[in-house]
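J.: Structure below; questions to follow.
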Amino acid sequence: MPLEGEYVPSPYTQAAEQVELYESTGGEEGNTMGGKPVIILTTRGAKTGKIRKAPLMRVTDGESYAVVASKGGAPDNPVWYHNILAEPLVMLQDGPEPREYRAHLAEGLERDQWWQRAVEAWPGYADYQKKTDRKIPVFVLDPA
């Protein structure tokens, strides 16, 4: 069952506008950032229960996806990190239709493998890791 409820756009204008463009064109526009493909992640707010959406770099093995809680190398995790911990059922849109996925925090070898895929997809992740003391979390999203 898809996530339903009141949608609250991101307070970051660029992110909110990209989500709107992506969704309104079925992924035909607003589908890149820095020349690399993005997906739209939909979560339920851990505190508010409201629907939240974020454009994130596309990291996939062809079936599952990973979302990287980098926040550009900030010392804290992005808000959606906490949303996934509270409710691991998410929606991911990579093209015209969103689909349901179940997320889990990758650990050990699984995290290492997905981290490598992530850095290949968006080399900036390696720089973000150097900017922070925290080990940047990686969630794996498997079709629900």
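FYI, in the numbering used here the residues of the sequence shown are -12 to 131. Glycine included, each C-beta is placed from N, C-alpha and C at the ideal position.
1. So what's VAL(-5) in DSSP terms, helix, strand or just coil?
2. If contacts are defined as beta-carbon pairs under 8 Å, then TYR52 and ILE26 qualify, I think. What distance do you get, rounded to the angstrom?
3. Comparing the CB of THR35 with every heavy atom of the ligand NAP, is any distance shorter than 7 Å?
4. Please classify ARG89: is it buried, with 16 or more other beta-carbons within 10 angstroms of its beta-carbon, or exposed?
5. Taking only runs of the beta strand (DSSP E) that begin and end inside the segment 48 to 86, which ones reach a length of at least 3 residues, in chain order?
6. Would a C-beta distance cut-off of 8 Å place ASN70 and PRO124 closer than the cut-off?
7. Helix, strand or coil for LEU43, going by three-state DSSP, please let me know.
8. Do PRO(-4) and GLU50 have their C-beta atoms within less than 8 Å of each other?
9. If contact is defined by three or more beta carbon pairs under 8 Å, each pair taking one atom from either stretch, is the segment 8 to 15 in contact with the segment 77 to 91?
10. Using a Cβ-Cβ cutoff of less than 6 Å, which residues in the same chain neighbour GLN116 once the five nearest sequence positions on both sides are dropped?
T.: The answer reads as follows:
1. coil
2. 7 Å
3. Among the components of this structure there are no ligands whatsoever, and the ligand NAP is therefore not found.
4. exposed
5. 52 to 55 and 76 to 80
6. no
7. strand
8. no
9. yes
10. ILE123
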